[in-house]
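See below for the structure under consideration.
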Amino acid sequence: MRYFYDTEFIEDGTTIELVSIGIVAEDGREYYAVSTDFDAKKANSWVKTHVLNQLPSPADKAWRSKETIAREVKDFLTAKGRCELFAWVGSYDHVVLAQLYGAMPDMPKGLPHYTGELKQLWVLAGRPQLPPIPQGAHDALVDARHNKAKYEVISKTLNLRPDGTARTSRD
Numbered sequence: 018m019r020y021f022y023d024t025e026f027i028e029d030g031t032t033i034e035l036v037s038i039g040i041v042a043e044d045g046r047e048y049y050a051v052s053t054d055f056d057a058k059k060a061n062s063w064v065k066t067h068v069l070n071q072l073p074s075p076a077d078k079a080w081r082s083k084e085t086i087a088r089e090v091k092d093f094l095t096a097k098g099r100c101e102l103f104a105w106v107g108s109y110d111h112v113v114l115a116q117l118y119g120a121m122p123d124m125p126k127g128l129p130h131y132t133g134e135l136k137q138l139w140v141l142a143g144r145p146q147l148p149p150i151p152q153g154a155h156d157a158l159v160d161a162r163h164n165k166a167k168y169e170v171i172s173k174t175l176n177l178r179p180d181g182t183a184r185t186s187r188d
């Protein structure tokens, strides 16, 4: 099962702190959570303007502890067997995801130790026209949905098989 995700975070060049995570499965299931554990005072002006201002009210059920998010994300990503992760410029996203569980070796069984890079696939596909940036960009779930839409364009352009592998002259 492919999963398209995005995280919003606060980082200072040394640490990365999860603000929110959005995940969209290729079968349409979605997951969204906002961490109760980040320190908003550490956010730079860009994060304050583009991310924090879009978060739901703290009374919303999306707000959860980091421990709860870690458990729910693992359950969501492993519910349908094999898990493939994709993100747009996803290096930091993967670090934020991995740090939900501690160090990289602590990642739960079934979660990959890498994230497929959508932007790299887009470049390899010849930079096809992508869906427009949606309203609400920098909301993790909005961006995860957009990542799925980008993958669909890229996959069609590359003429990938349903399993995501390249077609050959024998197809």
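Under this note's numbering, residues 18 to 188 are what the sequence shown spells out, in order.
Note that CB positions come from ideal geometry on N, CA and C, so glycine has one too.
Legend entry - Given residue 19 as reference, the closest of 165, 52, 184 once Cα atoms are compared: Taking the sequence shown and counting its residues from 1, one reaches residue 19 at position 2. Nearest option by C-alpha distance: 165.
Inset, instruction - Please determine, among 160, 145, 39, 150, the residue with the shortest C-alpha to C-alpha distance to residue 87. - result: Position 70 of the sequence shown holds residue 87. For the residues 160, 145, 39, 150, the minimum Cα distance to residue 87 belongs to 39.
Inset, instruction - Could you round the C-beta distance between residue 67 and residue 155 to whole angstroms and report it? I think they count as a contact, below 8 Å. - result: Counting from 1 along the sequence shown, the entry for residue 67 is found at position 50. Counting from 1 along the sequence shown, the entry for residue 155 is found at position 138. That pair is a contact at about 4 Å.
Legend entry - Three-state class that DSSP yields for residue 120 in the structure shown: Translated into positions along the sequence shown, residue 120 becomes position 103. Residue 120: coil per DSSP, three-state reduction.
Inset, instruction - Evaluate the contact criterion for the segment 116-135 versus the segment 98-106: three or more CB pairs, one atom per stretch, below 8 Å. - result: yes
Inset, instruction - Answer yes or no: do residue 161 and residue 22 have a C-beta to C-beta separation smaller than 8 Å? - result: Position 144 of the sequence shown, counted from the start, is the residue given in the question as residue 161. Position 5 of the sequence shown, counted from the start, is the residue given in the question as residue 22. In contact: residue 161 and residue 22 (Cβ atoms closer than 8 Å).
Inset, instruction - Compute the Euclidean distance between the alpha carbons of residue 81 and residue 185, then round it to the nearest angstrom. - result: As a working note, residue 81 is residue 64 in the sequence shown. As a working note, residue 185 is residue 168 in the sequence shown. Approximately 46 Å, taken between the alpha carbons.
Inset, instruction - Return the residue from the list 42, 71, 98 that minimises the CA-CA distance to residue 152. - result: Along the sequence shown, one-based indexing puts residue 152 at 135. Distances from the CA of residue 152 to each of 42, 71, 98 were compared; the closest alpha carbon is that of 71.
Inset, instruction - Give the C-beta separation of residue 79 and residue 49 to the nearest angstrom, bearing in mind that I take them to be a contact with Cβ-Cβ under 8 Å. - result: For the purposes of this step, residue 79 is taken as residue 62 along the sequence shown, with counting starting at 1. For the purposes of this step, residue 49 is taken as residue 32 along the sequence shown, with counting starting at 1. Indeed they touch by this definition, with Cβ atoms about 6 Å apart.
Inset, instruction - Per DSSP, which residues does residue 160 bridge with? Please list them. - result: Counted from its first residue, the sequence shown places residue 160 at position 143. Paired residues: none, contrary to the question.
Inset, instruction - Reducing DSSP to helix, strand and coil, say where residue 182 ends up. - result: Residue 182 sits at position 165 when you count from the first residue of the sequence shown. Residue state, collapsed to three classes: coil.
Legend entry - Rounded C-alpha distance that separates residue 171 from residue 138: Stepping through the sequence shown from its first residue, residue 171 is reached at position 154. Stepping through the sequence shown from its first residue, residue 138 is reached at position 121. Straight-line Cα distance between these residues: approximately 7 Å.
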